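Written out below as structure tokens is the structure these notes cover.
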Amino acid sequence: MRLFPIPLLSHVRGLVRRAPSPRMYAVPALACTNSTISHSEEQTKEGNFEVVKSLELNEVGVLRVLTTMRDDPYLALSFLKRIEGNEGASLPSVSAYAAVVRIVCSWSLDEKLSCLFVGLIRKGDQGRGFSFADLLNAVGEAEEGDEKLAFLLLSRVSSALVKAYAEIEMFEEAVYLFREIEELRWDADAGAYVVVVQALRRKGDSEGVEKLLSKLLSLETRRRHCFFYMDFIEGLCVNEMSLEAYTLLRPLRDADILVVDGSDLAVAYSRVIRGLCNEMKLEEAESALLDMEGCGIDPDVSLYSAVMEGHRKNMSFSKALRFIVDKGAKQGKRIINPVIASSILQCCCQMGKFSEAFDQFVEFRNRNIPLDRFCYNVAFEALIKLGRVDEAIKLFRGMICEGIAPDVVNYTTLIGGCCQQGRCSEAIDLVMEMEAKGRPPDIVTFNVLVGGFVRNAQNASGILKLMEERGVKPTSVTHKMVIQGLIVAGKIDEAEALYQSLDE
DNA sequence: ATAGGGTTAG
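For the first sequence, the working numbering begins at 437 and goes up steadily by one.
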């Protein structure tokens with residue numbers, strides 16, 4: 437039952453043969469370069485183009501030229517583009533497109549294929565002079581003797597078309613075409629499934645999604661390879677549909693489908709859990725994690741840190757800390773890596789518990805937990821907030837002695853600390869050190885510095901000049917920092933004047 | 001192939 441008539445594949449089974457039309461194609465010389473093909477590519481192809489340069493080709497001629505381009509999909513595509521771009525002349529025939537599609541397809545350049553289709557969709561049936569059913573017919577026709585190859589080819593080409601529709605937000609058409617592919621019993625690829633789920637969800641058709649997933653899993657239609665499911669799960673997760681991926685994952689696991697090389701189930705779980713964390717679906721992520729552990733898979737610690745970071749970003753600091761402590765206790769092995777360590781330290785800082793944060797840092801160090809510049813940075817922040825800037829600088833020097841190279845952020849943190857204590861010249865020394873070490877200050881560094889100077893009633897024009905010399909452009913944040921600094925310094929009039937001048 | 005964190009805006 438069709439909701440509305442979109443003539444897509446309606447007569448694809450009717451494989452109609454057509455005699456080539458006597459149209460002529462003028463093939464322009466290579467001089468007008470094609471912007472979609474990179475320069476080096478273009479140059480290497482130049483030789484091949486000589487053959488057809490400035491020739492008048494009829495359709496048979498075009499097809500003959502295309503057969504010589506079988507090993508060069510980019511050349512075939514640009515050849516086609518050239519004919520398309522030829523003002524006033526006939527457009528390429530459906531057979532010419534079919535030939536190019538087959539070439540591109542045989543090289544697995546699915547994205548190029550979708551690209552080509554986007555262009556064709558935009559032209560419309562009238563503009564093309566043929567329908568997509570015609571095109572698919574023509575593509576399939578060439579493999580008439582080999583049913584299996586035709587099936588693979590048509591599955592692939594029609595999947596690319598589904599993706600092309602989705603790409604230009606013609607979701608109805610994408611879903612409609614997908615349904616037709618299902619009816620024809622071709623296999624849409626994982627990418628096509630992903631965009632269809634996306635389209636259905638966009639419509640709020642969760643029932644449709646459910647049906648699609650269960651159809652994919654039902655025994656009689658389940659003929660997919662593990663790779664398909666892996667790709668599908670990955671596609672769902674990167675497109676913020678991790679919950680759908682998780683619904684798919686469990687039955688796949690129970691049916692022992694994700695077992696090609698033993699680690700597939702672990703990889704799938706990792707993707708899903710990471711995806712859930714990215715979408716801040718932390719309860720689901722935690723239960724997926726338990727689920728994973730229940731399968732006897734030992735999760736990578738990075739999954740623990742993903743969940744923990746989620747809680748932290750959610751400002752659920754104690755939840756984050758409790759989570760990691762519980763996991764650590766349960767695992768009975770060391771799960772604290774530098775990422776988790778910095779996350780723990782940051783939770784403390786964000787709760788305002790700066791001395792606890794620093795104590796924790798020292799404890800980590802005593803326990804020989806590897807600490808990197810991220811962890812050190814949080815320790816610097818804690819010390820600075822406690823007003824212990826000297827200790828922060830000492831720790832910074834110690835870090836360098838440990839062989840950890842400081843980055844712009846480390847320097848910026850310390851520069852902020854110096855400014856906070858009114859130690860502006862030390863701040864400048866650090867800036868000079870940065871430049872000497874080839875880690876030049878960025879906009880954030882300068883904002884901190886400028887703000888610090890102004891707050892301490894120091895002349896900031898030198899800093900602004902330095903910024904200009906280094907090619908770092910002030911932003912609205914810079915101005916905000918200066919204005920606030922002036923207010924802190926009690927220079928209300930100057931702040932007001934600056935504010936007014938910025939308004940203009 | 002699973003990959004993640006820290007600095008401005010007081």
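Quick reminder that beta carbons are idealized off the backbone N, C-alpha and C, glycines included.
Model, not experiment: these values are computed from the prediction.
Would you tell me roughly how many angstroms separate the C-alpha atoms of residue i and residue j, rounded to the nearest one?
i: Arg-801; j: Ala-777; result: 10 angstroms
i: Asn-494; j: Pro-528; result: 10 angstroms
i: Ser-741; j: Val-775; result: 7 angstroms
i: Pro-806; j: Cys-837; result: 15 angstroms
i: Phe-668; j: Tyr-682; result: 11 angstroms
i: Asp-582; j: Asn-750; result: 56 angstroms
i: Ala-872; j: Leu-866; result: 10 angstroms
i: Ile-851; j: Met-716; result: 34 angstroms
i: Ile-604; j: Asp-546; result: 16 angstroms
i: Gly-565; j: Val-611; result: 24 angstroms
i: Thr-503; j: Ala-532; result: 10 angstroms
i: Ile-829; j: Gly-555; result: 59 angstroms
i: Arg-689; j: Cys-731; result: 9 angstroms
i: Pro-735; j: Val-761; result: 16 angstroms
i: Ala-933; j: Gly-921; result: 14 angstroms
i: Ile-709; j: Lys-763; result: 15 angstroms
i: Phe-832; j: Phe-816; result: 8 angstroms
i: Lys-943; j: Asn-522; result: Nothing can be reported for residue 943, as the shown portion of the chain is limited to 437 through 940.
i: Pro-842; j: Arg-660; result: 50 angstroms
i: Lys-559; j: Leu-902; result: 54 angstroms
So, at 6 angstroms on beta carbons, what are the nonlocal neighbours of residue i in its own chain, with the 5 sequence-adjacent residues on each side left out?
i: Ile-539; result: Arg-506, Pro-509 and Ala-512
i: Gly-858; result: Asn-892
i: Leu-636; result: Gly-644 and Val-645
i: Val-737; result: Ile-771 and Asn-773
i: Ala-793; result: Leu-781, Cys-784, Cys-785 and Ala-818
i: Tyr-705; result: Met-728
i: Ala-931; result: Ile-919, Leu-922 and Ile-923
Report the option in the options whose CA atom is closest to the CA atom of residue i.
i: Ala-863; options: Gly-874, Val-913 and Asn-892; result: Asn-892
i: Gly-823; options: Phe-790, Tyr-601 and Cys-713; result: Phe-790
i: Pro-877; options: Gln-894, Gly-907 and Gly-888; result: Gly-907
i: Leu-590; options: Ile-829, Ser-542, Gln-562 and Leu-636; result: Ser-542
i: Trp-622; options: Val-630, Phe-587 and Val-631; result: Phe-587
i: Glu-680; options: Asp-690, Arg-707, Arg-659 and Ser-654; result: Arg-707
i: Asn-714; options: Glu-619, Val-537, Lys-916 and Glu-745; result: Glu-745
i: Val-632; options: Lys-909, Ala-602 and Thr-914; result: Ala-602
i: Leu-938; options: Lys-916, Ile-923 and Ala-925; result: Lys-916
i: Leu-620; options: Ser-654, Gln-894, Ala-569 and Gly-853; result: Ala-569
i: Lys-909; options: Ala-925, Thr-881, Asp-929 and Lys-927; result: Thr-881
With residue i and residue j assumed to form a contact (beta carbons below 8 angstroms), what rounded beta-carbon distance in angstroms separates them?
i: Ile-617; j: Ala-626; result: The pair is not a contact, with the Cβ atoms about 13 angstroms apart (cut-off 8 angstroms).
i: Ile-840; j: Arg-809; result: 5 angstroms
i: Thr-848; j: Ile-879; result: Wrong, their Cβ atoms sit about 10 angstroms apart, outside the cutoff.
i: Ala-628; j: Phe-614; result: 6 angstroms
i: Ala-525; j: Phe-553; result: Actually they are not in contact, since the Cβ atoms of Ala-525 and Phe-553 sit about 22 angstroms apart, beyond 8 angstroms.
i: Gln-634; j: Met-666; result: That pair is no contact at about 18 angstroms.
Tell me which same chain residues have a C-beta within less than 8 angstroms of the C-beta of residue i, skipping the five on either side of it?
i: Ser-747; result: The displayed chain sequence assigns His, not Ser, to residue 747. Same-chain partners within the cutoff: Leu-718, Phe-753, Lys-755, Ala-756 and Phe-759.
i: Cys-855; result: Ala-863, Val-884, Leu-885, Gly-887, Gly-888, Phe-889, Arg-891 and Asn-892
i: Lys-769; result: none
i: Glu-869; result: Tyr-847
i: Ala-925; result: Val-890, Arg-891, Asn-892 and Ala-893
i: Tyr-935; result: Ile-919
Is the Cβ-Cβ distance between residue i and residue j less than 8 angstroms?
i: Ala-385; j: Val-598; result: This structure cannot speak to residue 385, because the chain is shown only from 437 to 940.
i: Leu-726; j: Glu-720; result: no
i: Cys-785; j: Val-814; result: yes
i: Arg-875; j: Val-913; result: no
i: Glu-579; j: Leu-571; result: no
i: Met-787; j: Tyr-812; result: no
i: Val-630; j: Leu-684; result: no
i: Leu-549; j: Val-593; result: yes
i: Val-703; j: Glu-722; result: no
Output needed for residue i: all residues of its chain with C-beta closer than 7 angstroms, excluding positions within five of it in sequence on either side, in chain order.
i: Ala-600; result: Ser-550, Phe-553, Val-554 and Ile-557
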